[in-house]
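Take the first sequence: its position 280, counting from 1, is numbered 855 in this note's numbering, and each next residue is one higher.
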Amino acid sequence: MQEEIQKAIARMLASMDMDGVDFVVEHPTDSAHGDYASNVALVCAKRMGKNPREIAEQFRALLEGVIPQVARIEIAGAGFINFFLVRDFFSEKIAHIRSYPDTWGYHDTLKGEEILFEYTSPNLFKPLHIGNLVGNIIGESLSRLFEMAGATVRRINYPSDIGLTVAKGVWGLQKTSGDVRDISKIGEAYRVGNEAYENDATAKQEIEAVNRALYAGTDEVLQTLRARGIETSRARFAELCAILDTSFDFELFESEVSDIGKRVVMEHMDHVFVASDGAVIFEGERYGLHTRVFLNAQGLPTYEAKDLGNFVVKTDKYPNWTQYFVVTGGEQREYFKVLICALRQVFPETRGKVVEHVPTGFLTLTTGKMSSRKGNVLTGESIIAEVMEEARVKASESRSDDVEILVEMVAIAAIKYQILRQAIGSDIVFDKARALSLEGDSGPYLQYTHARILSTEAKARALGIIPSHINAPETPYDVERLLYQFEEVVERARRERAPHHVLTYLTELTGAFNTFYAHERIADKDDSYAPYKVALAEAVRITLKNGLWALGIRAPDAM
RNA sequence: GCCUUCAUAGUUCAAUGGAUAGAACGAUUCCGUCCUAAGGAAGAGAUCCUGGUUCGAUUCCGGGUGAGGGCACCA
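Structural data, given as structure tokens:
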């Protein structure tokens, strides 16, 4: 629709020999200003040497009747041209949504593309930190937005299974004699190891020795401890993924990409990488970035080289990839600029393709960045547990058959909503009280409305009301004027890597529906508009369900 | 020091260069014979400072101020 208006204006301009005018067609903030509005007259004013309102009038005369879906055109404000759509447009949209509930909001912009998404990437041996949770939630939502655009998405997990953190955990396990099959004991062991590493010089040396031994792979006892710890950690991670509704297609470990990364660096010595002070570096300065070490003086690959190895493994597995994303915390922004720059030098075939780092904001309380390296950890687990506790209280009055499942759905929705409500990349101040409140702007608010609509539909069925879009009230409701925008919002969110657009839209839609619900009786068998209202409610429900899916949130049938 | 991200109601967030800057929470006041009150309604409340570009700036560009992140062998 937007395109049609845009084209009509462009055609009109072309017929007047006005090329290259940079105008927009958008939804006005206030629905009194129509369904679409254009600033074209304002933009042309200077060039035509006339006052914008005058031009707007002239344009209106030219556009009147040109676009079949436009009922009327008004001039307002400084010279905005406002388009009001015909009544049928809205009711036909409702019919369309009801006919194609499973694909409403889906499109084929990226059909045939294979897109690699790496996210979450936990450190095994370290409790799942809330930063991992953020990455998981954002990565999952972006993956789904790309899927809605018709692409095939490969979800990839890249856990860290070797290195100093692992050494701290293994050392800690030895000291605490904790049960390696117990995930909480592994977390405890890491805390002990980490603290000792920072405060105890002897322990620090021991841990470093453990680290070297693990790399060398020579010590049987340490290897076994590491392997078992990884097993426990992965099992727990899988459980969390199930709760979070994520499932990975491919998992590759840090330990398996080291050698490949090193080889890649060696193969591109001198023309991409250079030796410096015994290490091998990439001179980012030459590209306006900073220099980073890829192989250290001991010849061991750093994270940088490992990421090159990671790229090789992933693209071997999925050779037909067309776009490549890595979602991590924003503190790695500068790092990834250098890495991607080096990557493009090493692998020229990437130059025409999208290779992108998606930085997420770091999650803070009020006291600065939370670090899982320090003692006061707010883990992913603890936050889920706390919110679930709160959800359980609310759910005691629920109509749901399975309260435990509902509690989980609601808790995850509350958390995901908190994390997805702002632009990704900007820091998130995690307000626990807010996440726990489950009211107002929140995941459960959207879920509740979904459940409520289903119950209203059931009531209508019981009364024998057959939903239909045929007999519509003369003026469309505000909800209707929001409903059709879903498709545009979903695509914009994907294009801008901004799931929060979907969230903001859904919240607005839900608010509009709830207003409608409070003022209009929907399932009323004496109301001749009842079939239309029920159809509208159903279309809202479908939109909510698909929109929530894009956010990685499940829509319960009853609450 | 250099690079980078950011600054909007008391708080947490919105606003592809547009119209009266939207929500929610909190505080105040209403709505319970009626489809789920995890709901609805009413009023109060904000663009860090300073120049510029523009018909129009929260948005773009200077310059301040304040905060976060990064800058060689950690991940």
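Quick reminder that beta carbons are idealized off the backbone N, C-alpha and C, glycines included.
This one's a predicted model, so the numbers in the text were calculated from it and none came from an experiment.
Among residues of its own chain, excluding the 5 on either side of residue i, which ones have a beta-carbon nearer than 8 Å to its beta-carbon?
i	result
Gly950	The pLDDT assigned to Gly950 is 39, lower than 50, so where the model puts this residue is not dependable; a value taken from the coordinates is nonetheless given after this. Excluding positions up to five away in sequence, the list reads Arg766, Glu770.
Asp592	none
Gly1015	none
Gly725	Tyr681, His682, Asp683, Thr684, Leu685, Lys686, Gly687, Glu688
Leu800	Val745, Leu748, Gln749, Val755
For residue i, tell me which candidate among the options has the shortest Cα-Cα distance.
i	options	result
Trp896	Ala585, Gly927, Lys750, Glu831	Gly927
Phe658	Val645, Glu783, Ser973	Val645
Gly687	Glu972, Val709, Glu783, Phe721	Phe721
Ala1119	Pro1131, Lys1108, Val1109	In the sequence on display, residue 1119 carries Leu and not Ala. Leu1119 has its Cα closest to that of Pro1131, out of Pro1131, Lys1108, Val1109.
Glu1055	Leu1029, Glu1083, Glu1066, Ile856	Glu1083
Ile1149	Asp1002, Ile630, Phe665, Ala1133	A question about residue 1149 goes unanswered here, because the residues of the chain that appear run from 576 up to 1134.
Thr727	Leu819, His682, Asp754	His682
Asn1121	Ala1105, Tyr772, Val1077, Met844	Val1077
Glu906	Gly1000, Ser971, Ser830	Gly1000
Ile1117	His1094, Met623, Ser674	Ser674
Arg1036	Leu1013, Arg1072, Glu1113, Ala1010	Glu1113
Tyr733	Leu789, Ala778, Phe812	Phe812
Glu715	Ile1028, Val901, Thr1024	Val901
Lys991	Leu708, Ile761, Ile758, Val982	Leu708
Leu789	Glu806, Asp736, Asp824	Asp736
Gly936	Val618, Leu1081, Leu995, Glu983	Leu995
Asp827	Val847, Ile731, Glu649	The sequence given here places Leu at residue 827; Asp does not occur at that position. Ranking the options by Cα distance to Leu827, first place goes to Ile731.
Gly808	Tyr772, Ile835, Leu699, Phe869	Residue identity differs from the one stated: residue 808 is Ser in this sequence, not Gly. Here the closest residue by C-alpha is Leu699.
Phe825	Asp594, Glu1032, Leu691, Tyr1020	Leu691
Ala810	Glu842, Ala764, Asp757, Glu983	Asp757
Thr821	Val641, Asp754, Ala998, Leu717	Leu717
Glu909	Leu1081, Val1115, Tyr862	Tyr862
Ile713	Glu667, Val933, Asp663	Val933
Ser759	Arg974, Ser696, Glu956, His1094	Glu956
Asp1053	Thr1085, Ser1030, Ser752	Thr1085
Glu649	His1025, Asp677, Asn614, Ile672	Asn614
Glu983	Ala776, Lys1034, Pro1019	Pro1019
Label residue i either buried or exposed according to how many other C-beta atoms from any shown protein chain fall within 10 Å of its C-beta, with 16 as the threshold for buried.
i	result
Tyr899	buried
Pro643	exposed
His1044	buried
Lys837	buried
Arg883	The question names Arg, but residue 883 in the sequence shown is Leu. Buried.
Ile980	exposed
Lys889	buried
Ala589	exposed
Pro702	buried
Pro894	exposed
Leu1038	exposed
Ala1073	buried
Gly530	A query on residue 530 cannot be resolved here, the shown segment of the chain reaching from 576 to 1134 and no further.
Ala612	buried
Met844	exposed
Gly943	The predicted model places Gly943 with a pLDDT of 35, which falls under 50 and marks its position as unreliable; any figure quoted below should be read in that light. Flag for Gly943 reads exposed.
Gln780	exposed
Ser696	buried
Ser946	In this predicted model, Ser946 has a pLDDT of only 36, less than 50, meaning its place in the structure is not dependable; the value taken from the coordinates is given anyway. Label assigned to Ser946: exposed.
Pro1042	buried
Val1115	buried
Please go through the same chain and pick out, in chain order, the residues whose beta-carbon is closer than 6 Å to the beta-carbon of residue i, but skip the five residues on each side of it.
i	result
Arg719	Ala1125
Ala1105	Ile1040, Asp1099
Thr941	Note on Thr941: pLDDT 48, under 50, position unreliable in the model; the coordinate value appears next. There are no such residues.
Val978	Ala970
Phe664	Gln644
Using a Cβ-Cβ cutoff of less than 7 Å, which residues in the same chain neighbour residue i once the five nearest sequence positions on both sides are dropped?
i	result
Leu660	Asp610, Gln644, Val645, Ala646
Val1065	Gly680, Leu720, Met723, Val1077, Ala1125
Gly859	His865, Thr866, Arg867, Val913, Cys916
Val832	Lys881, Gly884, Asn885, Val888
Leu617	Pro627, Ala653, Gly654
Ala854	Val868, Leu870, Asn871, Ala872
Asp1102	Arg1096
(message) Suppose only complete runs of 3+ residues qualify. What are the beta strand (DSSP E) ranges in the segment 906-986, listed by chain order?
(response) Here the runs fully enclosed are 929-935.
(message) I want to know whether the segment 954-963 touches the segment 1045-1064 - three or more CB-CB distances under 8 Å.
(response) The segment 954-963, when compared against the segment 1045-1064, does not touch it at the 8 Å Cβ threshold.
(request) Kindly confirm or deny that the segment 866-882 and the segment 913-924 touch, where touching means at least three C-beta pairs closer than 8 Å. (result) Enough Cβ pairs lie closer than 8 Å, so yes.
(message) Restricting to runs no shorter than 3 residues, where is the beta strand (DSSP E) found entirely within the segment 588-617?
(response) Fully enclosed beta strand (DSSP E) runs of 3 or longer: 611-613.
(request) At 4 residues or longer, and completely inside the segment 1001-1088: list those alpha helix (DSSP H) runs for me, N to C. (result) Taking only runs of at least 4 residues, the alpha helix (DSSP H) segments lying wholly in the segment 1001-1088 are 1007-1012, 1018-1037, 1055-1058, 1061-1070.
(request) Just list the alpha helix (DSSP H) runs in the segment 659-712, keeping only unbroken ones of 4 residues or longer that don't cross its boundaries, in chain order. (result) Qualifying alpha helix (DSSP H) stretches, in chain order: 662-674.
(message) If contact is defined by three or more beta carbon pairs under 8 Å, each pair taking one atom from either stretch, is the segment 731-750 in contact with the segment 785-797?
(response) Three or more Cβ pairs closer than 8 Å define a contact, and the segment 785-797 meets that threshold against the segment 731-750.
(message) Could you tell me which whole beta strand (DSSP E) segments of length 3 or greater appear in the segment 789-877?
(response) Listed in chain order, they are 848-851, 854-857, 867-870.
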